[in-house]
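Engineer: Heads up: the protein sequence lines correspond to chains X and D, in order.
Count along the first sequence starting at 1, add 233, and that's the number in my numbering.
Count along the second sequence starting at 1, add 233, and that's the number in my numbering.
For every residue, glycine included, the Cβ atom is placed at its ideal position computed from N, Cα and C.
Before anything else, here's the structure in question.
Number of protein chains: 2
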Amino acid sequence: MKNLSDLVYGIVGFGLMGGSLAKAIRENVLSSSCAHGSIFASDINSASLTLAKEQGIADEIFPVSGVDEMLSQCDFVFICLYPHATLEFLIQHKNSFKSGAVVTDISGVKTEICSHLDEFVSGNFDFIPGHPMAGSEKEGYVNSSGSIFKNHNYILMPLAASKPENVNLFKQLVSMMGFTRIVETDAAVHDHKIAFTSQLCHVIAGALVSSAEDSQITAFGGGSFEDLTRIAMINAPLWTELFLANKKELLLQIENFEKSLDEIKNFIITEDSDSLKRCLENVREKRISMGKI
Amino acid sequence: MKNLSDLVYGIVGFGLMGGSLAKAIRENVLSSSCAHGSIFASDINSASLTLAKEQGIADEIFPVSGVDEMLSQCDFVFICLYPHATLEFLIQHKNSFKSGAVVTDISGVKTEICSHLDEFVSGNFDFIPGHPMAGSEKEGYVNSSGSIFKNHNYILMPLAASKPENVNLFKQLVSMMGFTRIVETDAAVHDHKIAFTSQLCHVIAGALVSSAEDSQITAFGGGSFEDLTRIAMINAPLWTELFLANKKELLLQIENFEKSLDEIKNFIITEDSDSLKRCLENVREKRISMGKI
């Protein structure tokens with residue numbers, strides 16, 4: 234069994250997520266004086282890499298042109314790029330991974346990547362798609378933090394060929410990083426569920442901000458609007474890609490939501506206070522049963 | 234000018250909001266050893282009153298049957314009841330207020346109350362409608378806290394007859410209690426804006442929970458769904474009343490939101506990534522300009 238504190242971790246794409254993953258590994262996995270592992274990082278932004286090295290987060294840094302050299306030395310690789318870029322990267326660099334390496338991505342949609350597995354998966358490395366369910370409305374390495382994963386969910390989608398010992402290693406790693414609930418599923422279920430918990434919520438937050446009559450409305454806010462729209466400070470190119478890559482599932486969830494909204498709206502139109510009260514009571518019970526308050 | 238630390242405060246309805254207002258006054262206005270003011274409380278729940286007296290939050294407690302005796306001694310009265318009950322209370326007890334008292338309510342809708350002013354307003358006391366923009370998904374005095382108002386908004390809707398010195402006293406009081414932004418407006422503007430910042434947000438949160446396929450969905454959550462639906466743990470009877478009392482404005486806001494949602498949905502259907510990206514960029518800019526992140 235591989236020892237997590239002795240592995241070489243490679244992070245491709247050193248922005249908010251890549252940087253946060255690196256910090257969580259540095260703080261929770263490689264902090265002991267007995268740890269011999271290290272973190273290698275590659276990004277197009279050389280300033281981020283230099284800063285990460287100065288801060289002792291990255292041990293070695295590689296420009297994009299040197300990423301193959303990096304990959305050949307890494308036991309555990311996180312590809313932290315946008316969805317399409319992730320797929321392109323995997324296809325382009327499939328022969329550069331170290332033999333036996335565990336390779337994962339953090340893309341918010343999976344069926345697209347998983348429909349191209351035959352173009353990059355080989356027996357040489359173990360590709361285990363993953364999705365750390367955490368983030369921030371702030372971008373870039375400078376805003377990264379090792380603590381954003383605390384008490385969050387990590388979704389793993391092992392392939393049929395994934396080795397159980399590598400899946401276990403992965404679970405052990407993310408537990409140490411602070412994730413408390415690790416869900417194993419497949420790409421289709423992931424994309425279906427994420428369309429609701431993540432993408433639909435971002436669409437709603439965006440529509441709500443968009444429908445605000447002016448930006449002074451927060452003078453009349455009591456916290457609800459602020460809570461519902463924090464995620465509207467969105468990374469537009471990334472979320473455009475995510476929405477379109479999961480179009481079918483997302484549209485299904487938008488339509489389900491519209492039906493529920495319509496039901497409440499009709500109770501108000503018809504002033505059906507009994508049905509409205511019953512609906513809100515059910516919503517309260519359901520939300521409480523969902524936990525994580 | 235009246236001295237805030239020497240006034241007798243009366244709280245009618247000693248639940249989450251009444252209790253929190255009392256605690257904020259106790260902690261911020263009456264904490265000095267030189268303060269001679271006191272807090273009187275009335276509620277149907279005698280256990281809450283007894284607890285409040287034991288905790289030193291209320292100096293004197295009154296059952297509902299003794300509320301007139303209480304009102305006759307109070308300089309500043311907060312009526313913390315549901316909207317319809319507030320109106321009924323004002324009409325029923327209009328002759329019991331101390332001469333010169335400031336009387337306010339905390340109802341989340343105002344035009345209905347303000348359309349009945351001639352049934353209770355007299356020259357004997359100064360009624361200044363108000364709305365502390367804070368709350369909690371938890372209910373009752375036991376969940377009250379003097380700190381929920383910190384950095385929140387207070388909306389005041391003085392009547393034409395309201396005395397400027399009383400409006401100033403009110404502002405001074407709520408500033409001391411922790412509110413940082415005090416907005417003066419009228420009932421119609423209040424109900425129009427609140428339909429958006431508060432009621433629409435609660436309708437959306439409710440519809441979102443309602444459309445969740447099961448309560449296990451949070452295993453796939455990353456914080457967005459949780460943020461958007463915390464307020465769905467709603468007090469059903471209260472919000473049913475609020476939604477119906479502000480029906481016209483709320484329906485208008487729901488329809489505006491539906492239009493914005495439809496716009497985003499259509500960008501996804503037509504895979505118009507340029508328009509979608511531009512829309513999300515605009516949303517981001519607009520939300521950032523709204524502040525209070």
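At a Cβ threshold of 8 Å, is D/His435 touching chain X?
Structural biologist: The sequence position of residue 435 of chain D within the second sequence is 202, counting from 1. Yes, its Cβ sits closer than 8 Å to a Cβ of chain X.
Engineer: Is D/Ile427 near the ligand SAM, judged by its Cβ being under 7 Å from some heavy atom?
Structural biologist: No copy of the ligand SAM appears in this structure; indeed no ligand is present at all.
Engineer: Please check the pair X/Val395 and X/Ile361, which I expect to be a contact at CB under 8 Å, by giving their CB distance rounded to whole angstroms.
Structural biologist: In the first sequence, residue 395 of chain X corresponds to position 162, counting from 1. In the first sequence, residue 361 of chain X corresponds to position 128, counting from 1. Per the sequence shown, residue 395 of chain X should be read as Ser rather than Val. Right, their Cβ atoms sit about 5 Å apart.
Engineer: Can you look up D/Tyr387 in the DSSP assignment and give me helix, strand or coil?
Structural biologist: By 1-based counting over the second sequence, the position of residue 387 of chain D is 154. DSSP places D/Tyr387 in strand when its eight states are reduced to three.
Engineer: Are the beta-carbon atoms belonging to D/Ser431 and D/Leu249 less than 8 Å from one another?
Structural biologist: Position 198 of the second sequence, counted from the first residue, corresponds to residue 431 of chain D. Position 16 of the second sequence, counted from the first residue, corresponds to residue 249 of chain D. In this structure, D/Leu249 does not lie closer than 8 Å to D/Ser431 by Cβ.
Engineer: Buried or exposed for X/Val241, please, with buried defined as at least 16 other CB atoms from any protein chain shown within 10 angstroms of its CB.
Structural biologist: The count along the first sequence starts at 1 and reaches residue 241 of chain X at position 8. The residue is buried, with at least 16 neighbouring Cβ atoms inside 10 Å.
Engineer: List the whole-angstrom C-beta distance separating X/Ala452 from D/Asn386, where the pair is believed to meet the contact cut-off of C-beta under 8 Å.
Structural biologist: For this step, residue 452 of chain X is matched to residue 219 along the first sequence. For this step, residue 386 of chain D is matched to residue 153 along the second sequence. Going by Cβ atoms, the distance from X/Ala452 to D/Asn386 rounds to 6 Å, so yes, they are a contact pair.
Engineer: Could you name each continuous alpha helix (DSSP H) segment of 4 residues or more that falls completely within the segment 415-463 of chain X, going from the start of the chain to the end?
Structural biologist: Listed in chain order, they are 420-427, 434-443, 457-462.
Engineer: I'd like the list of long-range same chain contacts for X/Ile388, defined as Cβ closer than 7 Å, with 5 residues on each side in sequence excluded.
Structural biologist: Counting from one through the first sequence, the residue named residue 388 of chain X turns up at place 155. Gly363, His364, Met366, Val416, Thr418, His423.
Engineer: Pop quiz: D/Leu350 and D/Leu304 are said to be a contact at Cβ under 8 Å. What is the actual Cβ separation, rounded to whole angstroms?
Structural biologist: Within the second sequence, numbered from 1, the residue matching residue 350 of chain D stands at position 117. Within the second sequence, numbered from 1, the residue matching residue 304 of chain D stands at position 71. With 8 Å as the limit, D/Leu350 and D/Leu304 do not qualify as a contact, their Cβ atoms being about 18 Å apart.
Engineer: Measuring only between beta-carbons, confirm whether X/Ile388 sits less than 8 Å from chain D.
Structural biologist: Here residue 388 of chain X refers to the residue found at position 155 when the first sequence is read from its first residue. True, the Cβ-Cβ gap to chain D drops below 8 Å.
Engineer: In the segment 452-465 of chain D, which residues sit with their C-beta less than 8 Å from some C-beta in chain X, listed in chain order?
Structural biologist: From the segment 452-465 of chain D, only Ala452, Phe453, Gly454, Gly455, Gly456, Ser457, Phe458, Glu459, Asp460, Leu461, Thr462, Arg463, Ile464, Ala465 have a Cβ closer than 8 Å to chain X.
Engineer: Quick check: what's the CA-CA separation for D/Ile487 versus D/Val436?
Structural biologist: Position 254 of the second sequence, counted from the start, is the residue given in the question as residue 487 of chain D. Position 203 of the second sequence, counted from the start, is the residue given in the question as residue 436 of chain D. Each residue's Cα considered, the two are about 8 Å apart.
Engineer: What three-state label does DSSP hand X/Thr283 in the structure shown?
Structural biologist: Translated into the one-based positions of the first sequence, residue 283 of chain X becomes position 50. In this structure, X/Thr283 counts as helix in the three-state DSSP scheme.
Engineer: Looking at the structure shown, is X/Tyr315 part of a helix, part of a strand, or coil, going by DSSP?
Structural biologist: As a position in the first sequence, residue 315 of chain X is number 82, starting the count at 1. In this structure, X/Tyr315 counts as coil in the three-state DSSP scheme.
Engineer: Straight-line CA distance for X/Leu484 to D/Glu496?
Structural biologist: Position 251 of the first sequence holds residue 484 of chain X. Position 263 of the second sequence holds residue 496 of chain D. Their backbone Cα atoms lie some 13 Å apart in a straight line.
Engineer: Can you pull the chain D residues whose beta carbon is under 8 Å from the beta carbon of X/His385, in chain order?
Structural biologist: Taking the first residue of the first sequence as position 1, residue 385 of chain X is located at position 152. Simply Gly455, Gly456.
Engineer: Between X/Leu509 and X/Phe500, is the Cβ-Cβ spacing less than 8 Å?
Structural biologist: By one-based count along the first sequence, residue 509 of chain X stands at place 276. By one-based count along the first sequence, residue 500 of chain X stands at place 267. Yes, the Cβ-Cβ distance between X/Leu509 and X/Phe500 is below 8 Å.
Engineer: Do the CB positions of D/Ile312 and D/Glu352 come within less than 8 Å of each other?
Structural biologist: Counting from 1 along the second sequence, the entry for residue 312 of chain D is found at position 79. Counting from 1 along the second sequence, the entry for residue 352 of chain D is found at position 119. For D/Ile312 and D/Glu352, no; Cβs fall outside 8 Å.
Engineer: Which class does X/Met303 belong to by DSSP, given the choice of helix, strand or coil?
Structural biologist: Taking the first sequence and counting its residues from 1, the one referred to as residue 303 of chain X is at position 70. Of the three classes helix, strand and coil, the one that applies to X/Met303 here is helix, per DSSP.
Engineer: How many Å lie between D/Phe247 and D/Tyr374 at the Cα?
Structural biologist: Your numbering for residue 247 of chain D matches position 14 in the second sequence. Your numbering for residue 374 of chain D matches position 141 in the second sequence. So the alpha carbons of these two residues sit roughly 6 Å apart.
Engineer: List the endpoints of the continuous beta strand (DSSP E) containing D/Asp338.
Structural biologist: Within the second sequence, residue 338 of chain D is the residue found at index 105, counting from 1. 335-338 is the span of the beta strand (DSSP E), which, as asked, contains D/Asp338.
Engineer: Note down the Cα distance separating D/Gly299 from D/Lys371, rounded to an integer number of angstroms.
Structural biologist: Position 66 of the second sequence holds residue 299 of chain D. Position 138 of the second sequence holds residue 371 of chain D. If you take the alpha carbons of D/Gly299 and D/Lys371, they lie about 28 Å apart.
Engineer: Could you tell me which chain X residues have their CB closer than 7 Å to the CB of D/Ser506, listed as they occur along the chain?
Structural biologist: Position 273 of the second sequence, counted from the first residue, corresponds to residue 506 of chain D. Here the neighbours are Thr473, Leu477.
Engineer: Which whole-angstrom value describes the C-beta separation of D/Phe330 and D/Phe295, a residue pair presumed to lie in contact below a C-beta threshold of 8 Å?
Structural biologist: On the second sequence, position 97 is the one that residue 330 of chain D refers to. On the second sequence, position 62 is the one that residue 295 of chain D refers to. The Cβ separation is near 14 Å, so there is no contact.
Engineer: What would DSSP say about X/Gly363, mapped onto helix, strand or coil?
Structural biologist: Counted from its first residue, the first sequence places residue 363 of chain X at position 130. Strand.
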